[in-house]
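Under this note's numbering, think of the first position of the sequence shown as 722, with each following residue one higher.
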Amino acid sequence: MDLGFEGRRAVIVGGSYGIGEASAEILLREGADVLIASRSRDNLRAASERLVAATGRAPAVFVADVVADAEAATELAAEARQRWGALDVLISAVGGSVRADFADLTDEDWLGSYHFNVLSTVRVVRAGVSLLEQGRAPAIVTLGAAAAKMPYAHQVMTNVHKAGLLGLVKTLALELGPKGIRINSVGPGRTKTSLWINRASRMAAERGVPIAEIFEEFSQEIPLKRFAEAPEVAVMVAWLASPLASYVTGQAINVDGGIARGLV
Ligand SMILES: NC(=O)c1ccc[n+]([C@@H]2O[C@H](COP(=O)([O-])OP(=O)(O)OC[C@H]3O[C@@H](n4cnc5c(N)ncnc54)[C@H](OP(=O)(O)O)[C@@H]3O)[C@@H](O)[C@H]2O)c1
């Protein structure tokens, strides 16, 4: 199926590995011009080499820490403006979760999670809107979490902040729709990226068991009985960003192996 990305211009923040990189791979394969951004020049360089090997096409790269640096998203947008003059696709894949009990979390922890998950997205979208207004069939995709629809125990900050992101996406769908810009969110379930590989390694070391045992344990409550691979999530990101989803906006769609048990 042709996703209609030929000649489209896409910025992917958090594109140096994980779901962001997997999304970049699909867009490059489909003919889009892609700019990936993250905090680390080394990670971006490594991602670029993998993407060239996988697709035969190179992304542009830009170093931007959209959490620690309040100006980074604006600088990234300026780079995209200079390169293309407009933008068709904006993907924000920055974020993550901490497993901890409510009683152990400090104000600092809460603010850190808010900055990582919500403010990062706010900054990226705010900086990109005027460029998207100049784009063709422009679309934004943010990364939420299945936890926004079915809160997990021991993960209260993600439950709260990813749910907040859904409010952001719904509100922006109202404000940006009249400008022709769509915005949607993808909610991954448990996905085998560095986020979970690092967590599972720590748990395995603490318990003195193989990492496979941790993945096995956390797969049990997933109806499909396994974690997702990043490309399985990225394919939904790409579809929502594509012109094929031309009448879809303000939606949060889970790719979670069925873990979120709820009717909506
Ligand atoms: N994996 C899961 O199981 C899962 C589950 C639910 C939701 N999600 C959500 O899906 C999204 C992507 O997750 P993932 O698993 O792909 O994460 P990941 O593997 O940790 O990748 C995160 C990406 O963001 C970049 N990044 C981190 N901090 C940044 C910052 N301050 N500024 C710019 N870039 C930054 C990282 O690159 P650098 O290190 O090079 O900066 C990397 O490219 C996140 O929003 C996450 O909350 C994931």
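Think of the CB as a built atom: it goes at the ideal place given N, C-alpha and C, for glycine as much as any other residue. Quantities reported herein were computed from a predicted structural model and do not represent experimental measurements.
LEU916 and ASP723 have their C-alpha atoms spaced approximately 31 Å apart. Only residues of its own chain outside the window of five on either side were considered, and among them PHE726 and GLU727 have a CB closer than 6 Å to the CB of GLY752, listed in chain order. Secondary structure at VAL862: strand, using DSSP grouped into helix, strand and coil. If you draw a 10 Å sphere on the C-beta of ASP822, you find fewer than 16 other C-beta atoms in it, and that means exposed.
Put simply, the backbone Cα of MET924 is about 15 Å away from that of SER940. Judged by the Cβ position, ARG911 qualifies as a neighbour of ligand 1 at the 7 Å threshold, a heavy atom of the ligand being closer than this. Relative to ligand 1, the nearest heavy atom lies less than 7 Å away from the CB of SER818. Less than 8 Å divides the Cβ of VAL845 from the Cβ of LEU811.
Judged by beta-carbon spacing, VAL862 lies beyond the 8 Å limit of PHE837, meaning their Cβ atoms are not closer than that value. Three or more Cβ pairs closer than 8 Å define a contact, and the segment 776 to 786 falls short of that threshold against the segment 816 to 835. When DSSP states are grouped into helix, strand and coil, LEU984 belongs to the coil group.
For the segment 828 to 887, the full-length alpha helix (DSSP H) segments reaching 4 residues or more read 828 to 835 and 841 to 854 along the chain.
With contact defined as three or more Cβ pairs closer than 8 Å, the segment 847 to 865 and the segment 900 to 907 are in contact. Separation of the CB atoms of VAL732 and ALA758 is rounded to 7 Å, and the pair is thereby assigned contact status at 8 Å. In this structure, PRO944 places its C-beta atom within 8 Å of the C-beta atom of GLY978. Residue state for VAL815 is assigned as coil, using DSSP reduced to three classes. Within the chosen limit of 7 Å, ligand 1 reaches the beta carbon of VAL787 through at least one heavy atom. Annotated as distal: ALA807 and GLY741, with beta-carbon spacing of 8 Å or more. The alpha-carbon of SER818 is positioned some 17 Å away from that of VAL976.
By the Cβ criterion, the segment 884 to 899 is in contact with the segment 862 to 874, since at least three pairs of Cβ atoms, one from each stretch, lie closer than 8 Å. At least 8 Å separates the beta-carbon of THR795 from that of GLU746. Non-local C-beta neighbours of MET871 in its own chain, meaning closer than 8 Å and more than five positions away in sequence, comprise ILE980, ALA981, ARG982 and GLY983, ordered along the chain.
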